[in-house]
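Residue numbers (my numbering), protein chains in the order written: chain A, 173 to 407; chain B, 1161 to 1388. Structure first, then comments.
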Amino acid sequence: MDFLAPFTIAFVMLANADPELMAIIQLSLGISFSAVGVSLAIGLPLGAILASTRFPGRSIIIVTSNTFLGMPPVVVGLAIYVLISQSGPFGWLDILYTPYAMALAQTVLVLPIAIALSRQVFETLNNEYTPLFKSLGASRWVRIKTLVMDGRIALITIALACFGRAISEVGAVIIVGGNIRHFTRVMTTAIALETSKGELAIALALGLVLLAIAFTVNIASQILRRHFKQAGLDV
Amino acid sequence: MSRPAPKKQSIASAANLCITRNHKRLLNNVSLDVEPAKISLLLGHNGAGKTLLLSLLHGLIKADSGTVLAPPRQQQRMVFQKPIILRRSARDHFEFLCPGLTEEAVAQWFAKAQLSHRIHSPARQLSGGEAQKLALIGALACEPKLLFLDEPTAHLDFEATRFFESQIRSANKAGTSILMTSHNRAQAERLADHIIFMDQGKIAETATATTFFKTPSSAAAKLYLDHN
């Protein structure tokens, strides 16, 4: 097979919207969107609270979250595997080798990013706004509401960063998902498998889709940042 | 530090305030009374402690020792030297500064500040002068009993300064007590009823504006007036 042949087949598969390929892409997007949604729902308010208030245990949460930020995905995958396997404490959930387990793994990987980035955004805002908050005697609730409201633009770029991390994840999801065809096979795990089998066309096709997603996310992030900076809404 | 209401003849007062940072005494045993329904002006060189004293009286920071007596927080407002502007429209920023006004009242305040054409603009896109005007009308609209102004016209042009001074006078006539810092001697002479002159973290002199500018009693004030 010449060097370009897999590329040609990959383009043909994409152009024909190969059903198996589309199913893999759909599952990947579904799992990553769910993980990002859950991470943002938990991470953003937590980031705002960590940035604007002092309470016992705050440092522990920050250190734990920062530690998870640098945690290798395979270790996260292994830890979740142990927890949700039949003999683990959460074995009763019966989610091992299902998309739920994969979404859980991605959430654990993405949540620290959501917390760290949102805390950074909210801290910048909080430092800037604190004299005004104090001057007006703003309650804690008003402070957090204002930070979230005014940080909303930066939060879009945080969501994109989280999505970029989630969609490209492979180590953890392959451990807890098992890469089962038509059930838990996502883009990254399929690429790993197909490459090891020598089926470069499918791997390349999925690689191109991942690349396109990464490009789209980055371009969207840049455009949004520029637009909001011009509107004076950047943080 | 307690913040009970001050004694009757003053709207706010401080007693024996001290602040030390990095082994430097920034405020040294400062005591003062802010006269009610008057425009009092804190005058002095850079680093004399004017902004620090204003922040202490408004409750933004705490002193190492001493007491501050001031009206309740809802009855005070402060306009900062560099306005803090939220990331939202000018209208919504105004609402944050002074919630609960009717649309008509809000429109009137914007018209008064000649900002009607900017009411729906992002507040952070306003020019420095416009942003400072927004901060002032946001403070005045709440009809505070005590208004702190930290060099509010330091970066403003002649027109904006004139607007500020006229609004300050009107608010004062309506009963608002004003404590303001300034470097500007001419402005002090135009506005102030009372001068509190600060030098190196201490109050060197307090007097009516007329007395202060005609016959200053402290050596520091005389030197200051000689050079300004």
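Every residue, glycine too, gets a C-beta built ideally from N, C-alpha and C.
Given a cut-off of 8 Å on the beta-carbon distance, is the pair residue i and residue j in contact?
i	j	result
A392 of chain A	L332 of chain A	yes
A277 of chain A	V248 of chain A	yes
I203 of chain A	P284 of chain A	no
G1298 of chain B	F1357 of chain B	no
F1318 of chain B	E1349 of chain B	no
T1336 of chain B	H1354 of chain B	no
G336 of chain A	A288 of chain A	no
M359 of chain A	S211 of chain A	no
K306 of chain A	L1220 of chain B	yes
G260 of chain A	L297 of chain A	no
Could you check what DSSP says for residue i in three-state terms: helix, strand or coil?
i	result
R1329 of chain B	helix
R291 of chain A	helix
D1317 of chain B	coil
F262 of chain A	coil
C334 of chain A	helix
M274 of chain A	helix
D406 of chain A	coil
F175 of chain A	coil
E366 of chain A	helix
M1238 of chain B	strand
T239 of chain A	helix
G1453 of chain B	Since the first and last residues shown for chain B are 1161 and 1388, residue 1453 of chain B lies out of range.
M1161 of chain B	Below a pLDDT of 50, predicted positions are generally treated as unreliable, and M1161 of chain B, at 46, falls in that range; the measurement from the model is reported next regardless. Coil.
I385 of chain A	helix
D1386 of chain B	helix
F1372 of chain B	helix
So with CB distances below 9 Å, who are the chain A contacts of residue i?
i	result
Q1241 of chain B	In chain order: nothing, as chain A lies at least about 11 Å away.
Quick check on this structure: which residue in the options has the alpha carbon closest to the alpha carbon of residue i?
i	options	result
Q402 of chain A	B:A1364, B:R1322 and B:Q1285	B:Q1285
I1174 of chain B	B:N1188, B:N1182 and B:H1183	Ile is not the amino acid found at residue 1174 of chain B; the sequence shown has Ala there. Out of B:N1188, B:N1182 and B:H1183, B:N1188 has the C-alpha closest to the C-alpha of A1174 of chain B.
V246 of chain A	A:T239, A:L281 and A:I233	A:L281
Q198 of chain A	A:M243, A:T296 and A:I339	A:I339
I234 of chain A	A:L186, A:S290, A:T279 and A:R398	A:S290
S1287 of chain B	B:L1316, B:P1196 and B:A1380	B:L1316
A1273 of chain B	B:H1183, B:D1386, B:V1228 and B:S1326	B:S1326
G1226 of chain B	B:N1182, B:S1191 and B:E1255	B:S1191
A207 of chain A	A:L268, A:V254, A:N298 and A:E341	A:E341
Q1234 of chain B	B:K1305, B:A1331, B:T1375 and B:K1362	B:K1305
L1178 of chain B	B:V1194, B:L1213, B:I1199 and B:D1193	The question names Leu, yet the displayed sequence has Cys at residue 1178 of chain B. The shortest Cα separation from C1178 of chain B among B:V1194, B:L1213, B:I1199 and B:D1193 belongs to B:L1213.
V320 of chain A	A:R397, A:L176, A:F205 and A:I221	A:I221
I want to verify the contact list: residues of chain A whose CB lies under 8 Å from the CB of residue i, in sequence order.
i	result
L1220 of chain B	P303, K306 and S307
Q1234 of chain B	G309
For a contact defined as C-beta to C-beta under 7 Å, what are the partners of residue i on chain A?
i	result
M1238 of chain B	S307
P1196 of chain B	In chain order: nothing, as chain A lies at least about 21 Å away.
So with CB distances below 8 Å, who are the chain B contacts of residue i?
i	result
D322 of chain A	L1246, R1247 and R1248
E300 of chain A	I1244
G404 of chain A	R1247, P1282, A1283, R1284 and Q1285
T318 of chain A	L1246 and F1256
Using only the heavy atoms of the ligand GDP, determine whether one of them is closer than 7 Å to the beta carbon of residue i.
i	result
A392 of chain A	You won't find the ligand GDP in this model; it holds no ligand whatsoever.
Since residue i meets chain B, which of its residues come closer than 9 Å, beta carbon to beta carbon?
i	result
L327 of chain A	Result: empty, since nearest Cβ-Cβ is about 12 Å, beyond 9 Å.
T296 of chain A	Here the premise fails: no neighbours, minimum Cβ distance about 11 Å.
Please compile the residues from chain B whose C-beta is within a distance smaller than 7 Å of the C-beta of residue i.
i	result
T361 of chain A	Those do not exist, as T361 of chain A stays about 41 Å from chain B at its closest Cβ, beyond 7 Å.
Between the stretch 341-350 of chain A and the stretch 313-327 of chain A, can you find at least three pairs of beta-carbon atoms closer than 8 Å? no
Counting beta carbon pairs with one atom in the stretch 1290-1300 of chain B and one in the stretch 1238-1258 of chain B, are three or more of them shorter than 8 Å? yes
I want to know whether the stretch 1336-1348 of chain B touches the stretch 1199-1206 of chain B - three or more CB-CB distances under 8 Å. Enough Cβ pairs lie closer than 8 Å, so yes.
Between the stretch 178-191 of chain A and the stretch 360-377 of chain A, can you find at least three pairs of beta-carbon atoms closer than 8 Å? Cβ pair count under 8 Å is three or more, so yes.
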